[in-house]
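Student: Residues 0 to 197, numbered by numbering that gives the first Met the number 0, are exactly what the sequence shown covers, in order.
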Amino acid sequence: MRRVVVALLIVAACSCRIPPHTVATNDPSPQAATASLAARSLDPTSSPGVVPVALSPCRPQDLIGSFEHWGAAAGSYGGSFRLAPAGRDPCAVPEHPVVRFVDQRGDRLSFVDEWPDPVRWVPVRIAAGKDATFFTLLWSGHGGEPSYSCARRTTPLLAVEIALPAGPFVLDFPADARPVLCAEPVERVFVQVVARGP
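Printed below as a string of structure tokens:
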């Protein structure tokens, strides 16, 4: 686990992380993505509910995102998107959001385990360099596992959708940087939103 965290921070290009705002919801824990690869649409009940936080939960129209890069560290692969407010007002997103990957057929695929309550919220503010907010993805790649083999892979993934209370926020992968993940056995992807403190 320590190796995964170190790799994630390298990929995110964020050398320091201040713990985000933590808010315990009054609602039951949202049903998060399962390990199933069956095609499905985003279900609003799968999204974290709107909760009283210091910053309002972001809506899709409140955000812009740009792909940073892919990288490899400690046998794992990962990449990051830089997030920023579309306007002047900051907002917040879940630290470990429910996500779906969109493939070339338009199917929504889930590779991310669910996270328990309390929902932790991370601010998205106007910032430059390492002070920006990053959405990071990391998976093992099974480097150093000679017995591992993948029976079936996905088609190149076009985008990742982050579930927000008001609907999904879509981040497109560049045409020359579309990932391919193992579908059988299902690859596990770790996602996290990281940001420095104000």
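Just so you know, even glycine gets a beta-carbon here, dropped at the ideal spot from N, CA and C.
Predicted, not measured: the structure shown is a model, and the values here were computed from it.
1. Would Arg99 and Val159 be called neighbours here (beta carbons separated by less than 9 Å)?
2. Nearest-angstrom Cα distance between Pro96 and Pro164?
3. DSSP beta-bridge partners for Gln103?
4. Judging by CA-CA distance, which residue of Val188, Glu183, Cys57, Ser75 is the nearest neighbour of Glu144?
5. In terms of alpha-carbon separation, which member of Val179, Leu157, Cys149 lies closest to Arg104?
6. Check whether the Cβ atoms of Phe134 and Val169 lie closer than 9 Å to each other.
7. Could you give the DSSP three-state label for Pro167: helix, strand or coil?
8. When the Cα of Ala77 is compared with those of Ala182, Ala176, Glu183, which residue comes out closest?
9. With DSSP as the reference, label Pro122 as helix, strand or coil.
10. Give the secondary structure of Pro59 by DSSP, where H, G and I count as helix, E and B as strand, and everything else as coil.
11. Use the C-beta contact count for Ser148: other C-beta atoms within 10 angstroms, 16 or more gives buried, fewer gives exposed.
12. Put Gly86 into one of helix, strand or coil per three-state DSSP.
13. Out of Arg81, Ala182, Pro56, point me to the one whose CA is closest to Val118's CA.
14. With which residues is His68 paired in a DSSP beta bridge?
15. In whole angstroms, what separates the C-alpha of Glu183 from that of Asp112?
16. Assuming Arg195 contacts Asp130 (C-beta within less than 8 Å), just tell me the rounded distance between them.
17. Let me know if Ser139 comes out buried or exposed under the rule of 16 or more other beta-carbons within 10 Å of its beta-carbon.
18. State the start and end residues of the unbroken beta strand (DSSP E) segment that holds Glu183.
19. Which word fits Ser146, buried or exposed, when buried means at least 16 other C-beta atoms lie within 10 angstroms of its C-beta?
20. Please confirm whether Val185 has its beta-carbon closer than 9 Å to some beta-carbon of chain C.
21. Just confirm the distance between the C-beta atoms of Pro84 and Ile125, as a whole number of angstroms; I'd bet it's less than 8 Å.
Tutor: Concretely, from the data shown:
1. yes
2. 11 Å
3. DSSP output for Gln103 lists no bridge partner at all.
4. Ser75
5. Leu157
6. no
7. strand
8. Per the sequence shown, residue 77 should be read as Gly rather than Ala. Answer by Cα proximity: Ala176.
9. strand
10. helix
11. exposed
12. coil
13. Pro56
14. Ser79
15. 16 Å
16. 5 Å
17. buried
18. 181-183
19. exposed
20. Any reference to chain C falls outside this structure, which holds one protein chain only.
21. 6 Å
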